[in-house]
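Structure first, commentary second.
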Amino acid sequence: MKAFLILCEGGIIVTDDDLNIVFAKRYADEPFKTFNRIQNGEFTPEIDEVLSKAVEKGFDEFVVMGERLRDSLVEKGFKAETFTANELGRIWLNRVELMVRSGLASQEESLSIIRDFAIERSEAKLRELSSKLDLQLVESIQALDEVDKSINLLATRVKEWYGLHFPELASIISDLKTYCRFVVKYGRRDRLNREGLIEDDLPEKKVNAILNAALRSKGGELRDEDLKGLMKLSEEILHLFDLKEYLMKHVIETIEQVAPNVAMVAGPTVGARLIAKAGSLEKLAQLPSSTIQILGAEKALFRALRTKSKPPKHGIIFQHPAVHSAPKWQRGKIARSIANKIAIAARIDLYRGGKEKWLEDDLKKRLEEIKVKYSEPPTIDRKKLKEVKKRGKGS
Amino acid sequence: MVKEVNRLRKVKVDGEERLATLNLAEGIQVYNERLIKLNGLEYRVWDPFRSKLAAALLKGLKENPIDEGIKLLYLGVSTGTTASHISDIIGEKGILFGVEFAPRVAREFIDRVVKYRRNVIPIIEDARRPDRYFSIFGKVDVVYCDLAQPDQTDIAILNCKRYLKNGGHLLLVVKSRSIDVTKQPKEIFKGEAEKLENEGFRVNQIINLDPFDKDHALIDAIME
Ligand SMILES: C[S@@+](CC[C@H](N)C(=O)[O-])C[C@H]1O[C@@H](n2cnc3c(N)ncnc32)[C@H](O)[C@@H]1O
Chain A
0 MKAFLILCEG GIIVTDDDLN IVFAKRYADE PFKTFNRIQN GEFTPEIDEV
50 LSKAVEKGFD EFVVMGERLR DSLVEKGFKA ETFTANELGR IWLNRVELMV
100 RSGLASQEES LSIIRDFAIE RSEAKLRELS SKLDLQLVES IQALDEVDKS
150 INLLATRVKE WYGLHFPELA SIISDLKTYC RFVVKYGRRD RLNREGLIED
200 DLPEKKVNAI LNAALRSKGG ELRDEDLKGL MKLSEEILHL FDLKEYLMKH
250 VIETIEQVAP NVAMVAGPTV GARLIAKAGS LEKLAQLPSS TIQILGAEKA
300 LFRALRTKSK PPKHGIIFQH PAVHSAPKWQ RGKIARSIAN KIAIAARIDL
350 YRGGKEKWLE DDLKKRLEEI KVKYSEPPTI DRKKLKEVKK RGKGS
Chain B
0 MVKEVNRLRK VKVDGEERLA TLNLAEGIQV YNERLIKLNG LEYRVWDPFR
50 SKLAAALLKG LKENPIDEGI KLLYLGVSTG TTASHISDII GEKGILFGVE
100 FAPRVAREFI DRVVKYRRNV IPIIEDARRP DRYFSIFGKV DVVYCDLAQP
150 DQTDIAILNC KRYLKNGGHL LLVVKSRSID VTKQPKEIFK GEAEKLENEG
200 FRVNQIINLD PFDKDHALID AIME
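So the protein lines, in turn, are chains A and B.
The numbers in numbering that gives the first Met the number 0 rise by one with no breaks, and the one at position 249 of the first sequence is 248.
The numbers in numbering that gives the first Met the number 0 rise by one with no breaks, and the one at position 107 of the second sequence is 106.
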C-alpha cells in the first residue's frame, strides 16, 4: 500500500494516495531545523516514529518530498518515490487544510506556525545571500590592498629613476600621486613654470622651493628614450590611482550591505580587512574581542609567545585613526574598546541587521574617557622594565 | 450593537484631509508616518507621495478590492511602506504574502514590518519564480505588483495564473519609464492593459497617479 508523507511546517502528515488522513506527527521542537534535517535525509525521532507506525498500518511504499529523503528511505530498504511537481504543488497549497484535518494544529495555530517558519527561513536565506556578498567583499578589499602595494612599489621606482634627473624633488613632494603627476606633466625640470605649479594647487612655499631646486639641481640629463619610459610608467601609476579609488568605493558600498555596523565602528576599509582576515563575517562574529584586537598581528603574537615578551596590543585595528593618532600609551586601551564594539557590531550585522547608532555613540564616549583618564604618560617603573628585558633575553 | 470600525478612513490633519489606516501594531511607526488618535483608536497617516496605492485611492480607485480579511500576494514589497498599510486594512483575519529578492530591503521589511504584524508573511524569492514561494498557501484574493521591472506585467500574469483566485483582482503599478523611455506614458499604460486583456483579464480601470507620482499608473484588472 502506498502512503504520502507530507512534510510541512507543523510536522509530518501521513495520508493514503487519496489524501485521506492516516495519522500525523508534530515535530518535537525547532520545526525549521527538524524539517530541514528530515528533508536532507536524516532520520530524526519524528520520521523514525512515522515510518514504523506506517509500516505497522500496512504501508510499504512511500511518496515523499525531496530526492534526498527518498534516497535515504531507499537506502533503508523502503520503496520510495517523490511527488510529481503538479501533485506537490496542489498538496502544498492546501497544507493548512491538511494540518487542521489531521489534528496537527488548529487553523489559527497553523497560520502562526507557518509564519514563524517563514521568518526563520527568510532569515536563513538572507544570511546565506549576505555570506555570498561577504566573499565578494573579501576579494575586493584584497584587490584594493594589492593595487595599493603595486602603486607604492612602482612609484618608488619612479622616484628613484626620476631622481637621477631631479634628485631634490623627492624631499619637496612626498605624496606619490602628486609626484607622478608632476613627472607626467613636465617631464624635464627645465619645462617647469610657476603658473603650472600654482594650477596644481601647490602651496606658494612649495612652488618656490621646487623652482629654486630646479635651478640648482645636481641631477643629470635625461635622454628622450628614458623620459618616455618614465612618463609611461607614471601614467600607468596614475591609472592605478583611479582604479584604487574605484575599488575603494566598491568596498565601501559592499561593506555597507554586508556589515553596516562593523563599517560604522571600524571604518569601511579596516572593517573589510578584518572580515577578510577572519575569512567571513560569520567567522569574525564568532571571534572573541581579544582576538579581533590583534587580528593581523599574528607574527608579533607568535614572536611574543616564543620569547615570552609582551604580546602585541593591536593588529589591523592599528589602522583605525583613533588608534594610530593617539599617544602610544593609550593605544592598547583604545584598540581594546574598538575591538569590543566590533565584536558586538559583527554579531548584529550577522544576526539582526539594521544600523545601531548607539554603538558609535558608546565608542565615542569611551574614547573620550580614555583620553581624559590617561592623558599623562605613565611613569616608567625602571626596575620592572629591567626585569622584562632580562626575561626577554633569557629565553 | 457592535459598531463597525473603519480600518481605512479620511482624517483631518492640520486642516487637510488625509488618508489613514487603523494601526495594527499600536505605537509603532514604519516610515516615520504620523500617528493620530481618533476616539481612542490609533491611526497611521498614509502618504500618497510615498505609496502608489494611497495615490490611487485618492485619485478615485472605483472598486477597491483590499478589504478586511482578504488574502493578498504582494510582489516587490520592498521595505514594506505600502504593505504595512495594507496589513492595517486587512486586519488580523487577513494575510499578506510579501515577495522581495533584494537582501537589504528584505531585511528591513522583516525587522520593521513582519516582526510586528502577525498577518504578514515574508517570501525572499525572485518574483519570476513563483514556483519557489515555499511559504504561500491557498489562493489569494488580490495580487499587488510593484516591481519596477520592464517585464513586470508578464511576471504579474505568471503569478496570477498560479496563485490568484478566479475573479480576483490584479493591481499593477506601471512605471512608464521602466518599460520604454521613448513612448508616451499613456500609450504604454494602454499597451500593458492590452497585454492583460489578451491573457484573459478584464481591465477595470487605469488610474493615472499624477501629481503624486509622475508617469505612473495603477491598473486594476480582474482575472476571469
Ligand atoms: C518600486 S519598489 C517597490 C516599492 C513598494 N511597492 C512600496 O510601495 O513601498 C520595487 C521593488 O521590487 C523589488 N524587485 C524587483 N524585481 C524583483 C523580482 N524579480 N523579484 C522580487 N523582487 C523584485 C526591488 O528589489 C524593489 O524593492
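Idealized CB from N, CA, C, for every residue including glycine.
Computed from a predicted structure; not experimentally measured.
- Using beta-carbon distances, S134/B counts as an interface residue toward chain A, with a partner under 7 Å.
- In this structure I150/A is not in contact with K205/A, their Cβ atoms being roughly 22 Å apart against a cut-off of 8 Å.
- In the same chain as L68/A, and ignoring 5 residues on each side of it, the C-beta atoms closer than 7 Å to its own belong to I37, Q38 and G40, in chain order.
- Boundaries cannot be given for H164/A, as no alpha helix (DSSP H) includes it and DSSP labels it neither H nor E.
- For the segment 111-138 of chain A, the set of positions with a beta-carbon nearer than 8 Å to some beta-carbon of chain B reads S111, I113, R114, F116, A117, I118, R120, S121, E122, K124, L125, L128, S129 and L132 in chain order.
- For E281/A, the closest of L125/A, L226/A and V264/A by C-alpha to C-alpha distance is L125/A.
- Of all residues in the segment 88-116 of chain B, the ones placed with a Cβ closer than 8 Å to any Cβ belonging to chain A are I94, P102, R103, A105, R106, E107, I109, D110, V113 and K114, in chain order.
- Among the residues of chain B, those whose CB is under 9 Å from the CB of V95/A are F136 and G137, following chain order.
- Residue pairing by DSSP places Q106/A opposite no residue, since no beta bridge is assigned to it.
- In this structure, the CA atom of Y373/A is about 50 Å from the CA atom of Y185/A.
- When rounded, the separation of the alpha-carbon atoms in R33/B and D46/B is 9 Å.
- Ranked by Cα distance from R6/B, the first of I120/B, N203/B and I85/B is I85/B.
- In the displayed model, F48/B falls within coil according to three-state DSSP, outside both helix and strand.
- For ligand 1, no non-hydrogen atom lies closer than 6 Å to the CB of F317/A.
- For D110/B, the enclosing alpha helix (DSSP H) begins and ends at P102 to R111.
- By the 16-neighbour rule on beta-carbons within 10 angstroms, T306/A is exposed.
- Beta-bridge pairing by DSSP links T14/A to F3/A and I20/A.
- Take K78/A, set aside five residues on each side of it, and the residues of its chain with a beta-carbon closer than 6 Å to its own are E60, in chain order.
- Straight-line spacing of the CA atoms in P64/B and D140/B works out to 8 Å.
- Within 6 Å of the C-beta of D110/B there is not a single heavy atom belonging to ligand 1.
- With a threshold of 16 other beta carbon atoms within 10 Å, I197/A falls short and is exposed.
- If you look at M64/A, you'll find it isn't in any beta strand (DSSP E); DSSP assigns it neither H nor E.
- F136/B counts as buried, since no fewer than 16 other beta carbons sit within 10 angstroms of its beta carbon.
- Here the segment 151-161 of chain B makes no contact with the segment 79-95 of chain B; the two share fewer than three CB pairs at distances below 8 Å.
- Within the chosen limit of 6 Å, ligand 1 does not reach the beta carbon of D130/B with any heavy atom.
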